[in-house]
Ligand code: SF4
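Numbering (this note's numbering), first residue to last: 3 to 950.
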């Protein structure tokens, strides 16, 4: 077929077009940057790019104003006045790096855990994690703990993958798409494009979300659920499917642990664990011979139900029987959950019926012979065209881990994982839990001037892998992987400042952060966090967190609290690597990664943070960064991306490897790799053969492909874990039956939250406050035009959101006499804010909400002190405490999911009352002085000289 002729969408406006990757949000679209006379003239979407295929959102095109923002930092800074005073002195890079090396070197020699190194929403975690490991501190993580670790942890522990970066709906074939909670804030353009495809094909889109904005506004059906109850709704759908026997039994037998026998021996250390043979293979019940045989026994017809006696005399049942008994309980009937969820019983029943109808009556068959891991040949792929998507809306609750497990269980029960029309894995996923590391950070894992013995983050397989000392005390500053949050797979960045300030579990000497606006929108209890950063130890007169190094490109609120500021470049001035070792941009049909490169040279005394980190690594003589004599192994980040190898032949980029660039995945480092990426539009894509595209978890051809590409060294098929044994091990510890035994203080919550089958419980914060005193929920959403506070200084995006009213449901407005533009006091158990309100009808009746990260601290981001963001914008964060309210025994635990440590932003309960009119939102913190910004005009215009 003749390729369709391309129509130029815009008149040529540039001398040159440079293709790179957008970084105005985390989605990583391809962009063409038009440059004329050395300046950016225009940014458009790259139509050849696999992520966005030319689509560009408002943020992406406004990258031009991000690049030229007056808020850009312009040189390294050393604090010379008190913290928060904004008194800084510009210093040279040599002075800045020497100071950093002095602070870091002392800590490394003395006690490496006294460095806490945490990064925000950067895209270089494979480098930063490696650096922290070589440094030897146990205290490293990125932002995932307050973002969406519940999605990642629940997904990996259940199906070996997760939504967004690890998988996507089959947009081309799905006939019913159900989206839970706030989800559009990740994978922005691909979801827009996907929904457009659904609309064109007439596929149905159902949105379950307390608020009908964004994608929910174009859904065919909107279910305005009460926040924090999605898990209960999902389990009720499961109840209906089980009752109607509308599940895919073949799929369960073939791909899940539904047949595995679970030991039924209450009061013993193995109760609830899988029965295994001497080699550790799970046992199943073979129904023809009525024998107990190891999983995988040829020709076995295995049972999904029935109580059997094991050779040792104990009894066992298939895990599916436990599952069915649990969810067939009438407490999950639609009528029983309607009041709690705020969703009518007939709506739940209708949703379940529609899921079952589409899955089983609109089955798809794609003719393509393929072979499964048992060697069985299939003539094609059977598809159940129901797909789901969810992100932070489910994740940011303290029951989010189990809610997400419930959603994956629902997908598995109808056989809709990695099939045509369902949710599909994106390489290098799926990956079984066994292919992930356990966390490192116990006392024996680190020591003076020594690298950590393994990666910081991972998945404990049981309480024996917790990072606690012999007394059960946490060894990490954020208390991740302790009894507080045993499976904190992404760390708990939101607890670092509070714990370091309290010296609990120990004080740190240096806090080193990158791209994390912790003095404002990235922390719970914002005003409290600022105080912690400012507070001094009475005895020593030193700050309680003695040294803070902060790297950022812009004058954000956090800058004023740093002692040493390392100015980063903009995303158009540096190399970056969107790596398969990190957070990939693959599609279900293709392996993909990408780069950024300096399409413009910095005009200020700034350096790319990743290059600075490499430099610090060399100066500190860290293995992997220095030759041992202080000489750097890498010239800069580009050099590292090309030459660093994690395993022989496996580096940060998968494309154009081998001496001549002819290899993909595995291969020698290629000197010209960076040029090849740039020539190719800054990305690499390798298609997965059709025989390997579906059922990747059990597809021989895909597993071979994954080994060839270097994802694994041997095939790593995944068996979906409906029943999660690792969770049961924690429950046994909580019962005192397994070593190490859980502390008394944590037993009850472990018994509640670590159910090996998905469970729903009322979010912890909500359950602990007086619900009549705080009768409403309050949540935030990320607007389509602003990614966190990243657009705070962007002259174009600011015009879309300069203030954020609190949206209040119509009936509450009527009751309180509130109308648009009125003001209200909103209070929680922790604090009180005064805000402007707006009436809204398309919202759950007990839910107030606002856009996040619009409110600004006066004096920051090089904005005028009286900008609307600082006068009328506000943060809900002031109402949320990083700790739960005190329990009866006085203990205050982190306001997080008790399994993963995910920050529970969305558990907030509030009271609202009418207030006198403005003029400013409260709390209105005094303006913070900042380093002198670049001179900027009072009216910001751009490109006038080209307009003629
Ligand atoms: S969705 Fe994100 S990455 Fe894509 S163009 Fe918009 S801002 Fe850029």
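Built from N, CA and C at the ideal position, the CB exists for glycine as well.
Check: To the nearest whole angstrom, what separates the beta carbons of residue 62 and residue 31, a pair I think is in contact under 8 Å?
Finding: 6 Å
Notebook entry, point to check: Who does residue 512 pair with in a DSSP beta bridge?
Noted result: 117, 549
Checklist line | Entirely enclosed beta strand (DSSP E) segments - the region 755 to 820, minimum 3 residues | finding: You should have 778 to 783, 808 to 811.
Item checked: Short Cβ contact (8 Å threshold) for residue 852 with residue 878 -> yes
Notebook entry, point to check: Does DSSP classify residue 137 as helix, strand or coil?
Noted result: helix
Next item on the list: Please report the residue range of the alpha helix (DSSP H) in which residue 195 lies.
Entry: 190 to 203
Check: Who are the Cβ neighbours of residue 337 in its own chain at under 8 Å, not counting the five residues just before and after it?
Finding: 347
Note to self: Which of the three DSSP states is assigned to residue 875 in this structure?
What the structure shows: In the three-state reduction of the DSSP assignment, residue 875 falls in the coil class, being assigned neither a helical nor a strand state.
Item checked: Cβ pair residue 703, residue 373 closer than 8 Å -> yes
Check: Skipping 5 residues on each side, what residues in its chain have a beta carbon closer than 7 Å to that of residue 863?
Finding: 73, 556, 557, 558, 794, 795
Check: Count the other CB atoms within 10 Å of the CB of residue 472; is the residue buried (16 or more) or exposed (fewer)?
Finding: Classification for residue 472: exposed.
Notebook entry, point to check: Can you pull every residue whose C-beta falls closer than 6 Å to some heavy atom of ligand 1, listed in chain order?
Noted result: 24, 26, 27, 29, 30, 31, 54, 58, 59, 61, 62, 190, 191
Item checked: Beta-bridge partners of residue 652, as assigned by DSSP -> Answer by DSSP bridge pairing, in chain order: 649.
Note to self: Output needed for residue 34: all residues of its chain with C-beta closer than 8 Å, excluding positions within five of it in sequence on either side, in chain order.
What the structure shows: Scanning its chain for C-beta atoms nearer than 8 Å, with the 5 sequence neighbours on each side dropped, one finds around residue 34 the residues 19, 20, 21, 45, 46, 47, 48, in chain order.
Next item on the list: Taking 8 Å as the threshold, find out whether the region 682 to 696 comes into contact with the region 394 to 409 through three or more Cβ pairs.
Entry: no
Check: residue 233 by DSSP, collapsed to three states: which one?
Finding: It is helical.
Item checked: Residue of 123, 762, 103, 17 minimising C-alpha distance to residue 25 -> Checking every option, the nearest Cα to that of residue 25 belongs to 123.
Margin query: Would you call the region 202 to 219 in contact with the region 838 to 846, where contact means no fewer than 3 C-beta pairs closer than 8 Å?
Written below: Taking 8 Å as the limit for Cβ pairs, the verdict is that the region 838 to 846 does touch the region 202 to 219.
Check: Near residue 2, what residues of its chain come up, given a Cβ to Cβ distance below 6 Å and the 5 sequence neighbours on each side ignored?
Finding: As shown, the chain starts at 3 and ends at 950. That puts residue 2 outside it, with no answer to give.
Item checked: residue 476, DSSP secondary structure in three states -> Here residue 476 sits in strand by DSSP.
Next item on the list: Within the same chain, show all residues whose beta-carbon is closer than 8 Å to that of residue 435, passing over the 5 residues directly before and after it, in chain order.
Entry: Excluding residues up to 5 positions away in sequence, 158, 159, 162, 461, 463, 723, 728 lie with their Cβ nearer than 8 Å to the Cβ of residue 435 in the same chain.
Margin query: Beta-carbon within less than 6 Å of residue 815's beta-carbon, same chain only, minus the 5 sequence neighbours each way: which residues are those?
Written below: 841
Item checked: Limits of the unbroken alpha helix (DSSP H) element including residue 680 -> 675 to 681
Item checked: Backbone CA spacing between residue 328 and residue 493 [nearest angstrom] -> 32 Å
Next item on the list: Specify, as a first and last residue, the run of the alpha helix (DSSP H) that residue 414 falls within.
Entry: 402 to 415
Check: By how many angstroms is the C-alpha of residue 410 removed from the C-alpha of residue 207?
Finding: 18 Å
Next item on the list: Please classify residue 82: is it buried, with 16 or more other beta-carbons within 10 angstroms of its beta-carbon, or exposed?
Entry: By the C-beta density criterion, residue 82 is exposed, having fewer than 16 other C-beta atoms within 10 angstroms.
Next item on the list: Give the DSSP-derived three-state secondary structure of residue 1006 in the structure shown.
Entry: Lying outside 3 to 950, the shown extent of the chain, residue 1006 is not represented and no answer is given.
Check: Considering only residues of the same chain and omitting the five flanking positions on each side of residue 604, which have a CB-CB separation below 7 Å?
Finding: Counting only Cβ-Cβ distances below 7 Å, and skipping sequence neighbours, we find 571, 575.
Note to self: Between residue 479 and chain D, is any beta-carbon pair separated by less than 8 Å?
What the structure shows: Note that chain D does not occur in the displayed structure, where there is just one protein chain.
Note to self: With a threshold of 6 Å on Cβ separation, who are the neighbours of residue 949 within its own chain once the five nearest residues in sequence on each side are excluded?
What the structure shows: Per-residue confidence for residue 949 stands at a pLDDT of 41, beneath the threshold of 50, marking its modelled position as unreliable; no derived number is given.
Note to self: Quick check: what's the CA-CA separation for residue 217 versus residue 142?
What the structure shows: Straight-line Cα distance between these residues: approximately 35 Å.
Next item on the list: Spell out the partners DSSP gives residue 955 in its beta bridges.
Entry: There is no way to answer for residue 955, as the model of the chain reaches only from 3 to 950.
Next item on the list: Report all residues from its chain with a CB closer than 7 Å to the CB of residue 588; omit the five preceding and five following residues, and keep chain order.
Entry: 428, 429, 594
Check: When you compare each of 422, 242, 201, 239 to residue 364 by their alpha carbons, which one comes out closest?
Finding: 422
Next item on the list: Going by DSSP, name the residue or residues bridged to residue 849.
Entry: In DSSP, residue 849 forms a bridge with 779.
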